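Residue numbers (my numbering): 173 to 331.
For glycine and all other residues, C-beta sits at the position ideal for the given N, C-alpha and C.
A quick note: this is a predicted structure, and the numbers were derived from the prediction, not measured.
What follows is a set of notes on a single structure, which appears directly below.
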């Protein structure tokens, strides 16, 4: 009886997996591709909130895989035959692309803001406004939104 019960459970689990696979395919095929949006989040830079006397809240968004690859390529540091990712550059470029203004455009690419802070590049603007630790924390938040966090994918069944 116990053996039969185990076999029944195995068959039910297999049928459930097949249904889920079909349902996922149907779900994707029947979806409106325009509904798939990059996740966003608001983060407060407490130091700047204190400086300005008002909440200093940045809107961050996930970065597309294509943009992330581009950022990685821009962050490669080649020394002779060795190539490494320059983490500082990776973080800077990610923050530049991932912090957005109310229209969804990268905030640190705003020409008016660069002019106000008397800098000529988005990298210089990030460095003029944020501290190194703040850049690293924002990078971490953007990365988590982009699926690099521990909770982005969870295991459904042990194999």
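Residue i: first and last residue of the uninterrupted beta strand (DSSP E) it sits in
i: residue 212; result: 212-216
i: residue 303; result: Segment: none, residue 303 is in no beta strand (DSSP E) and carries neither H nor E.
i: residue 233; result: 229-233
Nearest-angstrom beta carbon gap, residue j and residue i [assumed within contact, 8 Å]
i: residue 248; j: residue 257; result: 6 Å
Of the residues the options, the one placed nearest residue i, counting alpha carbons only
i: residue 260; options: 230, 298, 277 and 228; result: 298
i: residue 241; options: 266, 226 and 255; result: 266
i: residue 224; options: 301, 296 and 320; result: 301
Status (buried if at least 16 other CB within 10 Å, exposed otherwise) for residue i
i: residue 197; result: exposed
i: residue 263; result: buried
i: residue 177; result: Because residue 177 carries a pLDDT of 48, less than 50, the predicted location of this residue cannot be relied on, and the following value inherits that uncertainty. With fewer than 16 other Cβ atoms within 10 Å, it is exposed.
i: residue 318; result: buried
Endpoints, alpha helix (DSSP H) assigned at residue i
i: residue 283; result: 283-288
Which ranges would you report for the alpha helix (DSSP H) in the segment 245-271 if only whole runs of at least 4 residues count?
259-270
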